[in-house]
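Student: Below you'll find the structure I mean.
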Amino acid sequence: MTKKIKSALISVYYKDGLDKIVQLLHEHDVQIFSTGGTQKFVEDLGIPVTAVEDLTSYPSIFGGRVKTLHPKVFGGILYRRDNEGDVQTAAQFEIPSIDLVIVDLYPFTETVASGADEEDIIEKIDIGGISLIRGAAKNFNDVLIVSSREQYDDVFEILKEKGCATDLADRRRYAKEGFLMSSSYDTAIHNYFAPLTPKGEFTDSIENFSFESIKQYTPFRGQGVLRYGENPHQAATFYGDLDAMFEQIHGKELSYNNLMDVESCVRLMDEFTETSFVIVKHNNACGVATAPTAKEAYVNALACDPVSAFGGVIITNANVDLATAEELHKLFFEILIAPSFDADALEILTKKKDRRLLIRKPVEVSKKQFKTLLNGVLEQDKDNSIETAKDFTVATEKAPSESEVKALEFALKICKHLKSNNVVLAKDGQMLACGVGQTSRVDALKQAIDKAKTFGFDLNGAAMASEAFFPFADCVEIAHQAGITTVVQPGGSIRDKDSIDYCNANGLSMVMTGVRHFLH
């Protein structure tokens, strides 16, 4: 049902981008009600505005804590236009209809993150604004709620196109966004108060958890509640601001498992600066390659394991051009992430409607990790360490060649992001195979060798990396028999000498890093 907007209540903290909407409302003779700074903003545009105080006959009181909390405001928003009793009551008490509410909320999370004192933080808990959002969203049958400045551009286009009117679908969609905003805001406030001990005191570790990461614990706009979790019988919600990190330009919404794979993709891709492609399946890399061109990097990454790549998630740090898109289009995959796409590449890639295409924005990700466990939460620093040649200690009589060193560095970057126990085999900027998530490192190595042979790779001269030490010499023995010539491992086993002696006796080189990268 299309409804013409005849009156609007506007009360916002941020005014950026609001002027064009106000001007459009004025051009369509919409009566505008407003408060405080927003009222002055509208007046400065030369547009007539009615102060909420004049509507309610009450001034703003208690230092601005109470401005819009009045029956004439909430009655105007909540009364049902198709309910005869509501219409008569509105007429009896001279309550105007309010068809559009534009409101945003005090910047609570920003104030917390700034390190402000508690008095300032408490004053940034919005009461009137959150009530306006909920009231207008509840009555979406008659009222359009605009709950964020990020919606201004879209709302302007809707109102411009429809002559300052809205359809029921528009109002319902924005009501959903309004309730998500309300939920997000209350979650942030809850997380601020939750760390209090029984005595009402903060502990140092929990205080840091709340103050440093509170922004990560609010559902991002547009998709807070997911369709389901890891399995269909599990409910799930994403907390954070995904829109700040990606622009989704094609395909259906992301699922829980999609987000898990996207996280794995992003973390591994961030290890590389040269043109690279990474293909992930079930949170583990099944293809990684670097090359002079995007097309060559993709083709090499796919060759690592084209079977597992089917239905996978793909990321690159290079622009996707037509030649690369033509190769990508041959594969069924769930998601492709890139910093940019050429127009002719998009023309091909968007032919499959459910394929998700994401543009990654240059946003710094958190340096902390949190995991719920037992009756609490584990916190740790992300594993931001990666070893290069300068960190290598040659443990054998034979040192690796320059090309072998590069292969070892490349393999280590991948090892760090695979489930333990793992082993990576690599050569010339290409992962040849990996063994992941095994209870035995020998099993991980055998798995990697078998996969490499299955897909036709020659392991002679290849490099092998392990995310943890070799407790016995069996791994280097198996690697040697497969043709591998150089190995990197953290070292630190009481039997390191057994592996070193075997390498010396058989002409292999081994380097140690002193750093392990367990991943569970």
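One rule links them: number in our numbering = place in the sequence shown (from 1) + 1. Ideal Cβ positions, reconstructed from N, Cα and C, are used throughout, including at glycine.
Using only CA atoms, which one of Lys73, Lys125, Leu79 and Gly77 lies nearest to Gly64?
Tutor: The option with the nearest alpha carbon to Gly64 is Lys125.
Student: Pick helix, strand or coil for Ile62, following the three-state DSSP scheme.
Tutor: Ile62: strand per DSSP, three-state reduction.
Student: Looking only at its chain, what residues have a beta carbon closer than 6 Å to the beta carbon of Leu169, apart from the 5 residues adjacent to it on each side?
Tutor: For Leu169, where only same-chain residues beyond five positions count, the Cβ hits under 6 Å are Met2.
Student: Kindly indicate which residue of Phe342, Thr389, Ile315 and Glu264 has the alpha-carbon position closest to the one of Ser367.
Tutor: Nearest option by C-alpha distance: Glu264.
Student: Can you tell me whether Arg496 is buried or exposed, with buried defined as 16 or more other CB within 10 angstroms of its CB?
Tutor: The residue is exposed, with fewer than 16 neighbouring Cβ atoms inside 10 Å.
Student: Measure the Cβ-Cβ separation of Tyr14 and Asp105 and say whether it is below 7 Å.
Tutor: Taking 7 Å as the Cβ cut-off, Tyr14 and Asp105 qualify as a contacting pair.
Student: Under 7 Å between the Cβ atoms of Ile387 and Glu468?
Tutor: Result no, Cβ atoms of Ile387 and Glu468 do not sit closer than 7 Å.
Student: Whole-angstrom Cβ separation of Val522 and Met465, contact assumed at under 8 Å?
Tutor: The displayed coordinates of the chain run from 2 to 521. Any statement about residue 522 would go beyond what the structure contains.
Student: Would you check if the distance between the CB atom of Gly484 and the CB atom of Leu460 is smaller than 7 Å?
Tutor: Yes, the pair counts as a contact, with Cβ atoms nearer than the cut-off.
Student: Thinking C-beta only, is Thr274 closer than 7 Å to Ala298?
Tutor: Going by C-beta atoms, Ala298 is not nearer than 7 Å to Thr274.
Student: Between which two residues does the beta strand (DSSP E) carrying Ala483 extend?
Tutor: Premise fails: Ala483 lies in the alpha helix (DSSP H), Asp475 to Ala483, not in any beta strand (DSSP E).
Student: Anyone know if the C-beta pair for Leu433 and Phe458 falls short of 7 Å?
Tutor: Yes, the pair counts as a contact, with Cβ atoms nearer than the cut-off.
Student: Are the region 383-399 and the region 280-295 touching by the rule of at least three beta carbon pairs closer than 8 Å?
Tutor: Counting Cβ pairs under 8 Å, fewer than three are found: no touch.
Student: Where are the alpha helix (DSSP H) runs, 4 residues long or more, that stay fully inside the region 356-401, in chain order?
Tutor: Runs found: none.
Student: What did DSSP end up calling Cys435 once you bin it into helix, strand or coil?
Tutor: Three-state DSSP puts Cys435 in a strand.
Student: Would you give the residue range spanned by the alpha helix (DSSP H) that Gln24 belongs to?
Tutor: Its alpha helix (DSSP H) spans residues Asp20 to Glu28.
Student: Can you look up Asn285 in the DSSP assignment and give me helix, strand or coil?
Tutor: Strand.
Student: Can you tell me which of Asp242, Glu365 and Asp306 puts its alpha carbon nearest to the alpha carbon of Thr455?
Tutor: Among Asp242, Glu365 and Asp306, the Cα nearest to that of Thr455 is on Asp306.
Student: Return yes when the Cβ of Val102 is within less than 7 Å of the Cβ of Ala52, no when it is not.
Tutor: Result no, Cβ atoms of Ala52 and Val102 do not sit closer than 7 Å.
Student: Starting from Lys1 and walking both ways along the alpha helix (DSSP H), at which residues does that stretch end?
Tutor: Since the first and last residues shown for the chain are 2 and 521, residue 1 lies out of range.
Student: Identify every residue that forms a DSSP beta bridge with Met513.
Tutor: For Met513, which the question treats as bridged, DSSP gives the partners Thr394 and Gln490.
Student: Using C-beta distances below 8 Å, list every residue in its chain close to Asp87, excluding the 5 sequence neighbours before and after it, in chain order.
Tutor: Excluding positions up to five away in sequence, the list reads Tyr80 and Arg81.
Student: Cutting at 7 Å between CB atoms, please list the residues of its own chain near Val300, excluding the five before and the five after it.
Tutor: Here the set comprises Glu328.
Student: In chain order, which continuous runs of the alpha helix (DSSP H) of length 4 or greater are located wholly inside the region 274-333?
Tutor: Those alpha helix (DSSP H) runs which fall completely within the region 274-333 and span 4+ residues are 295-305, 307-310 and 323-329.
Student: As a quick exercise: from Cys165, Ile501, Pro233 and Ser132, pick the residue whose alpha carbon is nearest that of Asp187.
Tutor: It is Ser132.
Student: Are three or more beta carbon pairs between the region 504-511 and the region 391-402 nearer than 8 Å?
Tutor: Contact between the region 504-511 and the region 391-402 is present, because at least three Cβ pairs lie under 8 Å.
Student: Give me whichever residues DSSP pairs with Lys35 in a beta bridge.
Tutor: First, the residue type needs correcting, since residue 35 is Ser and not Lys in the sequence shown. DSSP lists Ile11 and Ala52 as partners of Ser35.
Student: Output the boundary residues of the alpha helix (DSSP H) element that contains Ile501.
Tutor: Run containing Ile501: Asp497 to Asn507, per the alpha helix (DSSP H) assignment.
Student: With a CB to CB cut of under 6 Å and the five nearest residues on each side skipped, what residues in its chain are close to Thr514?
Tutor: The residues are Glu388, Asp392 and Pro491.
Student: What is the DSSP secondary structure of Leu145, reduced to helix, strand or coil?
Tutor: Strand.
Student: Buried or exposed: Arg66, going by 16 or more other Cβ atoms within 10 Å of its Cβ?
Tutor: Per the 10 Å Cβ criterion, exposed.
Student: Just the C-alpha distance for Tyr554 and Ile450, rounded to the nearest angstrom, thanks.
Tutor: Nothing can be reported for residue 554, as the shown portion of the chain is limited to 2 through 521.
Student: Out of Pro340, Gln89 and Glu335, point me to the one whose CA is closest to Thr351's CA.
Tutor: It is Glu335.
Student: Check whether the region 3-11 and the region 29-48 touch, using three or more Cβ-Cβ pairs below 8 Å as the test.
Tutor: Contact holds: three or more Cβ-Cβ distances are below 8 Å.
Student: Quick check on Glu158: buried or exposed, where buried means 16 or more other Cβ atoms within 10 Å of its Cβ?
Tutor: Glu158 is exposed by the Cβ-count criterion.
Student: Give the straight-line distance between the Cα atoms of Glu54 and Asp171, rounded to the nearest whole angstrom.
Tutor: Cα to Cα, the separation comes out at about 30 Å.
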